[in-house]
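Student: Got a structure for you, questions after.
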Amino acid sequence: MPELPEVEVVRRGLADHVVGRSVVAVDIRGHRVARRHLAGPLDLADRLTGTTVVAARRRGKYLWLELADHAAGHGDPDETALIAHLGMSGQMLVEPADAPLEKHAHAVLALRDPDGSEGLHLRFVDQRTFGGLYLDDLVTDTFAGADALIPSTLAHIAPDPLETAYDQASVVRRMKARHTQIKRALLDQSLVSGIGNIYADEALWRARLHGERMTDALTKPVLSALLDHARDVMGEALGKGGTSFDALYVNVNGASGYFERSLNAYGREGEPCRRCGRPMRREAFMNRSSFSCPRCQPRPRTVRRTATSPATSSGVRRSVRG
DNA sequence: CGTTCCTCCTGCTAGC
DNA sequence: TGCTAGCAGGAGGAAC
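Quick look at the structure:
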């Protein structure tokens, strides 16, 4: 499952093997991969053809290629990006054009080198088709300052812990102002981006916090330490994943497992906690699974169910309504 | 408005 | 052996 480290590995591969090349032909296979491109797959293919990739960027789990458009008379040159989200199972592969087409190849971009030679494909392959491609205009990035640009549809995605625009004090303030479970907050890409189910569990284990602790009941230093752990664990995973792709194959499948052996929480139900030896537990959470240590990460005592019974006679938590 | 819940998809695995 | 049910989960948008 590609989260920040896996997506960054892909971005680096794209920076090495796609930036500087031009798109000479595009085949969008099926409609689903372009479902976020509202003008449809044919429009996506038309507008991609003839562009040159000038940069490969990322925020959180989103990737985008900045495009320069050679088409004459185009009104907005240099301000378009091809956005790629890998979803659950997406891959970006750079391969020889004569390589056998993958079963789930949904988009094929034929590339041309600056010297005019051809023969490489950039392919978007996605088994479960949660991912997709679309074009978008670049706008000023309000998180990063006037010089930085971001696709308009990603304006609500917060900076991730590995970029310079990331302001942890601000994230902590916004988290503390929320009234929700801490794991939900970690997964909320508008608060801090890049964290998925795996790294959320890893960060919570390192911080010795149960994911159902409430954000507004945690102190700012605790929240900050948790975010430090999230940054650390993703940085360590990136350090291990960055070595596993070779020249023509932009490895990007998060399931390839290079970091798997280093996980302390995710997927370790019944196995001993690497701190205290207690068997790790698995609990249902948001229609998926959470893994934690029953001793190091005790469940919160107050199980307030906000959805079913918001009634609080004391009104302690009700600060809004005067 | 803030927060929670549902849905999209397909390959693999457990269980009968 | 072959079938089915369950599971994996990112993110948008509906629902509350």
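Under UniProt numbering, the first residue of the first sequence is numbered 1, with each subsequent residue one higher.
Just so you know, even glycine gets a beta-carbon here, dropped at the ideal spot from N, CA and C.
The structure presented is a predicted model; accordingly, all values stated were derived computationally and were not measured.
Pairs of beta-carbons, one from the region 214-223 and one from the region 272-291, closer than 8 Å: are there three or more?
Tutor: No: fewer than three Cβ pairs fall under 8 Å.
Student: Tell me the rounded alpha-carbon separation between residue 308 and residue 175.
Tutor: Residue numbering aside, residue 308 sits at position 308 when the first sequence is read from its first letter. Residue numbering aside, residue 175 sits at position 175 when the first sequence is read from its first letter. Summary for residue 308: the model assigns pLDDT 39, below 50, so the residue's position carries little reliability, and this model does not support an answer.
Student: Could you name the residues of the same chain whose beta carbon sits closer than 7 Å to that of residue 36, not counting the 5 residues immediately before and after it, in chain order?
Tutor: One-based indexing of the first sequence puts residue 36 at position 36. Contacts found: 132 and 134.
Student: Taking the CB atoms as reference points, tell me whether residue 297 and residue 179 lie closer together than 9 Å.
Tutor: What you label residue 297 is simply residue 297 of the first sequence in a count that begins at 1. What you label residue 179 is simply residue 179 of the first sequence in a count that begins at 1. Result no, Cβ atoms of residue 297 and residue 179 do not sit closer than 9 Å.
Student: Answer with buried or exposed for residue 61, where buried requires no fewer than 16 other C-beta atoms within 10 angstroms of its C-beta.
Tutor: In the first sequence, counting from the first residue as 1, residue 61 sits at position 61. Under this definition residue 61 is a buried residue.
Student: What do you reckon, are the CB atoms on residue 86 and residue 7 nearer than 9 Å?
Tutor: To locate residue 86, count along the first sequence from 1; it is residue 86. To locate residue 7, count along the first sequence from 1; it is residue 7. A contact, by the Cβ cut-off of 9 Å.
Student: Rounded to whole angstroms, what's the CA-CA distance from residue 141 to residue 151? Just pull it up for me.
Tutor: In the first sequence, the residue the question calls residue 141 occupies position 141. In the first sequence, the residue the question calls residue 151 occupies position 151. Distance between the alpha carbons of residue 141 and residue 151: 8 Å.
Student: To test your reading of the DSSP string, which unbroken beta strand (DSSP E) runs of 3 or more residues are found completely within the region 84-147?
Tutor: Complete beta strand (DSSP E) runs here, min 3: 90-96, 105-112, 118-126 and 132-141.
Student: Per DSSP, which one or two residues make a beta bridge with residue 28?
Tutor: Sequence index remark: in the first sequence, residue 28 carries index 28 (1-based). Its beta-bridge partners are 107.
Student: With DSSP collapsed to three states, give me the class of residue 165.
Tutor: Within the first sequence, numbered from 1, the residue matching residue 165 stands at position 165. Here residue 165 sits in coil by DSSP.
Student: Look at the Cβ atom of residue 10, then the Cβ atom of residue 67, and state whether they are nearer than 9 Å.
Tutor: Against the first sequence, residue 10 aligns to sequence position 10. Against the first sequence, residue 67 aligns to sequence position 67. Contact: no.
Student: Counting C-beta neighbours from all protein chains within 10 Å, is the total for residue 98 16 or more, i.e. buried, or is it exposed?
Tutor: Taking the first sequence and counting its residues from 1, one reaches residue 98 at position 98. Exposed, since its Cβ has fewer than 16 Cβ neighbours within 10 Å.
Student: Given this structure, state the Cα-to-Cα distance separating residue 325 from residue 177, to the nearest angstrom.
Tutor: Given a span of 1 to 322 for the chain in the structure shown, any question on residue 325 remains unanswerable.
Student: Do you know how far the Cα of residue 264 is from the Cα of residue 256?
Tutor: The residue labelled residue 256 in the question sits at position 256 within the first sequence. The residue labelled residue 264 in the question sits at position 264 within the first sequence. The predicted model places residue 256 with a pLDDT of 46, which falls under 50 and marks its position as unreliable; any figure quoted below should be read in that light. Spanning the two alpha carbons is a distance of roughly 17 Å.
Student: Report the rounded CA-to-CA distance for residue 288 versus residue 262, giving the unit in angstroms.
Tutor: The count along the first sequence starts at 1 and reaches residue 288 at position 288. The count along the first sequence starts at 1 and reaches residue 262 at position 262. Going by the C-alpha atoms only, they are around 21 Å apart.
Student: So what's residue 66 in DSSP terms, helix, strand or just coil?
Tutor: Along the first sequence, read from residue 1 onward, the residue named residue 66 stands at position 66. Of the three classes helix, strand and coil, the one that applies to residue 66 here is strand, per DSSP.
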